[in-house]
Amino acid sequence: MSAEPSDDSDLEQLLVSTAELRGQYRAAAREVPPARLDAAIGAAARREVRAGPGVARWGASWRVPASIAALVVISATVAVMVGKREAQLPVSGTQPAAPGAGAARDHAGTTPSAAPDTPKEKKVAPSPLTPAPRRAAEAAGSRETRIESVPEPPVVPKAKDSAAPQGMPLPSPAAAPAQPRAAQSPPAVSTPAPSSAQEGAAKSNSAEAASRQALTQKRSQAHPAADDLGNDPQGWLAHIEQLRLSGRNEEAAAAFRAFRSRYPDYQLPADFIAPTP
Amino acid sequence: MPSDEELMLRFSAGDAAAFDALYARHRGGVFRYLLRHCRNAAAAEELFQDIWLNLVQARARYRVEAKFTTYLYTLAHNRLIDHFRRGKGLELVSLDREEDDPVELAASAAAQPERAAQAREQARRLLELVEALPLAQREAFLLHEEGGLGLEQIAAVTGADREAVKSRLRYALAKLREGMKDYL
């Protein structure tokens, strides 16, 4: 760097010595842009000024904050939705590990009369006894999701001979066939593909399961969808009875209170036993 | 008289008249810088318009971080390099065409036909020599003469080392002087 001044002075000397030459160049090079270019560029500058000084800057600057805000809103929405779903899950997903409770959870997915120790994977497969609407939902691949996420009470199975499309449950328990559930093939109650393990489990149900099924079968002709229990007093009662029979008396009592608040004047069947906590 | 930077800031704030003043100062230099490089008036005009429109559109982002001429000729340099890379810079202009001769002679010289013809020939030769310079030397010479840029500014525009710029400028001047020795 110390040599720079002398080098620059050399250049300065060269520039001085070529001053005449450079003057000749400036005299020779006199071209200017055509007037149409001057007009076009000037017009563009005036258009830009009319558009506003801050337009481009604002347009460039708003996108990042807006994107961040949108991301925050979407994240918060998803978090709230997930939180709500998780808050509902314990009803069906955090049952006690007791055998009866396990059976109740299985019932929520399939049938209330299934054996308590029915293998869980069995309820995933569609059953010929499963109501048509539910089978349609299963066909859409949504059953497992419903089982895990919907906290509604279990649904009552439809009788085997009522597997044909049936819009609504029969209005009277008397209309339901009094055929004992145990008389049907036990594995078919829960899943369509009976296996030896399932058959063994069904056989171990003993007479208690058969009597429970008989009681249940009286009151429910078809599976009301879990979401529709509120509109199906018979199904609701069947569900309450299932809760009571499975030892979940408090839940049964709470459900019965809810039932009564919804249907204060509903005449209970003679054989219905009101649960007590 | 406001500086270039002041005019550009005023234009950024919405003063169209400031742009007119700025444009009037630099339109000739930028145009000739492009013309000497392109050797084609149509190409030079296209690039010229692109450069000024880019400057107009970028006015909101303009910050005074260097001399305005450095900023302006950097735009021009980059656009020119892009033009060369696209293979459009290989057109040559016949230097024999009379209509391309930009020389305007002084009144005293024009009054005498022999001297006028000699001056025209001298100018034509000089421009021919400039355009025949190697690109880097021509760049340094034109930025110095047309843009009025110093060594540091030329180095900033071209991305070259200051010493390299100085060397290129010296070579360019030496070649021009050598080529014009018969006329000086």
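From first to last, the protein sequence lines stand for chains A and C.
Under my numbering, the very last position in the first sequence is 277; numbers go up by exactly one each time.
Under my numbering, the very last position in the second sequence is 1184; numbers go up by exactly one each time.
Glycine included, C-beta positions come from ideal geometry on N, C-alpha and C.
Computed from a prediction, not measured in an experiment: that's the story for all the values here.
From residue 1053 (chain C) to residue 25 (chain A), what does the alpha carbon distance come to, in whole angstroms? 28 Å
Alpha carbon of residue 268 (chain A) to alpha carbon of residue 234 (chain A), nearest angstrom: 9 Å
Three-state class that DSSP yields for residue 1029 (chain C) in the structure shown: helix
Leaving out the 5 sequence neighbours to the left and right, which residues in its chain are closer than 6 Å to residue 1034 (chain C) when beta-carbon positions are compared? 1044, 1047 and 1048
Neighbourhood of residue 237 (chain A) by C-beta distance below 8 Å, restricted to the same chain and skipping five residues each side: By the criterion of a C-beta distance shorter than 8 Å, residue 237 (chain A) is surrounded in its chain by 219, 259, 268, 269 and 272, once the five residues flanking it on both sides are discounted.
Residues near residue 240 (chain A) by beta carbon distance below 7 Å, same chain, minus five either side: 252, 255, 256, 259 and 275
Min CB distance residue 83 (chain A) to chain C below 8 Å: The C-beta of residue 83 (chain A) comes no closer than 8 Å to any C-beta of chain C.
Residues of the stretch 8-31 of chain A whose Cβ lies closer than 8 Å to any Cβ of chain C, in chain order: 8, 10, 11, 14, 15, 17, 18, 20, 21, 22, 24, 25, 26, 27, 28, 29, 30 and 31
Given 8 Å as the limit, is there contact between the stretch 1023-1042 of chain C and the stretch 60-74 of chain A, that is, 3 or more CB pairs closer than that? no
Output yes if chain A places a C-beta closer than 8 Å to the C-beta of residue 1157 (chain C); else output no. no
Chain C contact residues for residue 43 (chain A), given Cβ-Cβ distances below 9 Å: Neighbours of residue 43 (chain A) in chain C, taken as residues whose beta carbon is under 9 Å from its own, are absent, since the nearest beta carbon is some 10 Å off.
Taking 8 Å as the threshold (C-beta atoms), are residue 1004 (chain C) and residue 1022 (chain C) in contact? yes
Please name the residues in the stretch 1023-1034 of chain C whose beta-carbon is closer than 8 Å to at least one beta-carbon of chain A, in chain order. 1023, 1027, 1028, 1031 and 1032
Which term fits residue 16 (chain A), buried or exposed, when burial requires 16 or more other beta carbons within 10 angstroms of its beta carbon? In summary, residue 16 (chain A) is exposed, with fewer than 16 beta-carbon neighbours lying within 10 Å of its beta-carbon over all protein chains present.
Give me the Cα-Cα distance between residue 1032 (chain C) and residue 32 (chain A), rounded to the nearest whole angstrom. 7 Å
Specify, as a first and last residue, the run of the alpha helix (DSSP H) that residue 49 (chain A) falls within. 35-50
Suppose you measure from the CA of residue 39 (chain A) to the CA of residue 45 (chain A); what does that come to, to the nearest Å? 10 Å
For residue 1015 (chain C), report the span of its alpha helix (DSSP H) as first-last. It is not in any alpha helix (DSSP H) - residue 1015 (chain C) carries neither H nor E in the DSSP assignment.
Assuming residue 1144 (chain C) contacts residue 1127 (chain C) under a Cβ cut-off of 8 Å, what Cβ separation, rounded to an integer in Å, is found between them? Actually they do not touch by this definition, with Cβ atoms about 16 Å apart.
In chain C, which residues lie with their C-beta within 9 Å of the C-beta of residue 71 (chain A)? None at all; the shortest Cβ gap to chain C is about 26 Å.
Quick check on the DSSP output: the alpha helix (DSSP H) that includes residue 1081 (chain C) runs from which residue to which? 1068-1085
With 8 Å as the threshold, decide whether the Cβ of residue 40 (chain A) is near any Cβ in chain C. Answer yes: the Cβ-Cβ gap between residue 40 (chain A) and chain C drops below 8 Å somewhere.
Identify whether residue 1176 (chain C) lies in helix, strand or coil by the three-state DSSP scheme. When secondary structure is reduced to three states using DSSP, residue 1176 (chain C) falls in the helix class.
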